[in-house]
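Undergrad: Encoded as structure tokens, here's the structure I'll be asking about.
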Amino acid sequence: MSTYRVTGSCLCKKVTYVITGHLGIFQYCNCSRCRKFTGSAFASNLLISPQDFKWLEGEPYVANYEPLETKHFATSFCSHCGSSLPWVAKTGKAVVIPAGTLDDDPQIKPSQSIFCASRGDWYVDPESLPQHDEMPPRKG
Numbered sequence: 001m002s003t004y005r006v007t008g009s010c011l012c013k014k015v016t017y018v019i020t021g022h023l024g025i026f027q028y029c030n031c032s033r034c035r036k037f038t039g040s041a042f043a044s045n046l047l048i049s050p051q052d053f054k055w056l057e058g059e060p061y062v063a064n065y066e067p068l069e070t071k072h073f074a075t076s077f078c079s080h081c082g083s084s085l086p087w088v089a090k091t092g093k094a095v096v097i098p099a100g101t102l103d104d105d106p107q108i109k110p111s112q113s114i115f116c117a118s119r120g121d122w123y124v125d126p127e128s129l130p131q132h133d134e135m136p137p138r139k140g
């Protein structure tokens, strides 16, 4: 695993952060909460140690949501643009970094996919779909 500096931000760039040190687990999560929060088939998250995370700018824009019934799950987002942002797991032992918010290549790849039994009924493996580098050509 890599040890270095990686930055990230929200869509409007009002919130920025830095990861330093050990980049921990990188995984896809298919649970229904992650699907709801991301609006996607799964969340792509890095889990890192809290001491390896720091907000650089815009921390007052960071809003949090922590469902009472969950053991680990919480979320953070930019109150200005709505982008997902890093959040501290309820245990306090990890910071969950939405990979799509990274500005730099973390130099690690996902190593596992979790809660696969919870995948949406509509899920199709992305590798089985036609691939386009840009918008596909219009049909008809």
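Oh and the sequence shown: position 34 is 34 in full-length UniProt numbering, straight run, nothing missing. Every residue gets a Cβ at the ideal spot worked out from N, C-alpha and C, and that includes glycine.
To test your reading of the DSSP string, which unbroken alpha helix (DSSP H) runs of 4 or more residues are found completely within the UniProt domain "CENP-V/GFA" (6 to 133)?
TA: As far as the UniProt domain "CENP-V/GFA" (6 to 133) is concerned, its whole alpha helix (DSSP H) runs of at least 4 residues are 32 to 38.
Undergrad: Let me make sure I understand the geometry here. Which of Y4, G8, I19 and A41 has the alpha-carbon closest to that of P126?
TA: It is A41 whose Cα lies nearest to the Cα of P126.
Undergrad: Anyone know if the C-beta pair for R5 and T20 falls short of 7 Å?
TA: In this structure, T20 lies closer than 7 Å to R5 by Cβ.
Undergrad: So for Y4, helix, strand or coil by DSSP?
TA: Three-state result, Y4: coil.
Undergrad: If contact is defined by three or more beta carbon pairs under 8 Å, each pair taking one atom from either stretch, is the stretch 50 to 59 in contact with the stretch 26 to 34?
TA: They do not touch, by the three-pair rule.
Undergrad: Note down, in chain order, each residue of its chain lying with its Cβ closer than 7 Å to the Cβ of D133, except the 5 sequence neighbours on either side.
TA: Contacts found: none.
Undergrad: Look at the alpha carbon of V88 and the alpha carbon of T75, and state the distance between them as a whole number of angstroms.
TA: The straight-line gap from Cα to Cα measures roughly 8 Å.
Undergrad: Nearest CA to the CA of K14: which residue from C116, Y123 and G82?
TA: The shortest C-alpha separation from K14 is found at G82.
Undergrad: Report back the beta-carbon spacing between L46 and I97 to the nearest angstrom; my notes put them in contact at under 8 Å.
TA: Right, the Cβ-Cβ distance comes to about 4 Å (below 8 Å), so this counts as a contact.
Undergrad: Relative to the C-alpha of residue 142, which residue among C10, P130, Q131 and T70 is closest?
TA: Any answer about residue 142 is impossible in this case: the structure gives the chain only from 1 up to 140.
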